[in-house]
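Numbering-wise (my numbering), the sequence shown opens with residue 3 and increments by one. See structure below.
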Amino acid sequence: TDRYLTDDNFTLEEKFDGTRLSVNLDGGVCAAYNRLGGFIPVPVGVEQAIRALGCKSVWLDGEFEFGKFVVYDLLALEGQGYRELPQSYRRQRLEILISDAPFIRLSAEYLGTEEKTAALAMFRNRGIEGVVFKHRRKSYMPGKQGVNRKLKFWESATVRVCAKTKNASA
């Protein structure tokens with residue numbers, strides 16, 4: 003952890019515990035995708051917030067948490083792909099594009115050792131799931147293959163219950 007706190011190539015952001023939501027507005031059609039790339043319904047308020055940005059085409063990545071789309075990455079804007087561009091450039095574009103509104107907000111970013119250390123302590127005290135360290139010079143890479151480093155404060159698991167079956171030994 004200390005390495006990422008003291009290395010100015012890394013920023014710190016809160017790790018959200020919502021539903022992963024990637025939203026693409028293109029050709030007047032607004033579509034949303036889950037973490038596996040599967041199509042999911044776009045929450046009505048989120049679609050309204052995306053359209054209110056005034057873009058003809060935009061693709062944002064984030065989490066849907068407590069009725070709000072928390073944006074933390076920019077994948078495309080006005081027909082130009084942003085995935086290959088450095089995280090710091092994508093973030094600058096997001097800061098120009100996104101202003102907090104009822105259904106959308108930009109995740110907070112912390113820079114510098116002092117600011118990241120204070121934010122880490124604040125997040126630990128709040129009892130959130132964890133934080134993410136993002137490399138400022140790296141391109142976008144989704145999921146576990148990326149260069150981002152997650153620091154979880156507590157363990158979690160997804161458990162699915164299947165139908166009850168007869169016990170063969172009974």
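Even glycine gets a Cβ: it sits at the ideal position worked out from N, Cα and C. Computed from a predicted model, the values in this text were never measured in an experiment.
Span of the beta strand (DSSP E) holding residue i?
| i | result |
| --- | --- |
| Phe-135 | 132 to 137 |
| Phe-71 | 70 to 79 |
| Phe-12 | 12 to 17 |
Quick one: Cα of residue i to Cα of residue j, how far?
| i | j | result |
| --- | --- | --- |
| Ser-59 | Asn-36 | 19 Å |
| Ile-106 | Ile-130 | 20 Å |
| Leu-14 | Lys-168 | 50 Å |
| Arg-126 | Phe-155 | 7 Å |
| Lys-140 | Glu-49 | 29 Å |
| Leu-77 | Arg-128 | 30 Å |
| Leu-55 | Leu-99 | 7 Å |
| Arg-85 | Asp-9 | 23 Å |
| Glu-116 | His-137 | 17 Å |
| Tyr-6 | Phe-12 | 6 Å |
| Leu-79 | Cys-57 | 8 Å |
| Leu-27 | Gly-81 | 11 Å |
| Gln-94 | Lys-118 | 18 Å |
| Phe-41 | Leu-87 | 25 Å |
Give the C-beta separation of residue i and residue j to the nearest angstrom, bearing in mind that I take them to be a contact with Cβ-Cβ under 8 Å.
| i | j | result |
| --- | --- | --- |
| Val-73 | Phe-18 | That belief does not hold up - the Cβ atoms of Val-73 and Phe-18 are roughly 11 Å apart, past 8 Å. |
| Phe-66 | Leu-23 | 4 Å |
| Val-44 | Ala-34 | 4 Å |
| Leu-62 | Val-25 | 5 Å |
| Leu-113 | Leu-96 | Going by Cβ atoms, the distance from Leu-113 to Leu-96 rounds to 15 Å, so no, they are not a contact pair. |
| Gly-39 | Pro-104 | In fact, because the Cβ distance is near 28 Å, the residues do not count as touching under 8 Å. |
Looking only at DSSP bridge pairs, what is residue i linked to?
| i | result |
| --- | --- |
| Ala-34 | Val-25, Ile-42 |
| Lys-152 | Val-134 |
| Ala-103 | Ile-106 |
Going by DSSP in three states, residue i sits in which element: helix, strand or coil?
| i | result |
| --- | --- |
| Tyr-84 | coil |
| Ala-110 | coil |
| Gly-64 | strand |
| Leu-55 | coil |
| Gly-47 | helix |
Over what stretch of residues does the alpha helix (DSSP H) that includes residue i continue unbroken?
| i | result |
| --- | --- |
| Asp-4 | 4 to 8 |
| Lys-140 | Careful: Lys-140 lies outside any alpha helix (DSSP H) and carries neither H nor E. |
| Phe-118 | Position check: residue 118 holds Lys in this sequence, whereas Phe was assumed. Per DSSP, Lys-118 belongs to the alpha helix (DSSP H) from 115 to 128. |
| Ser-90 | 89 to 99 |
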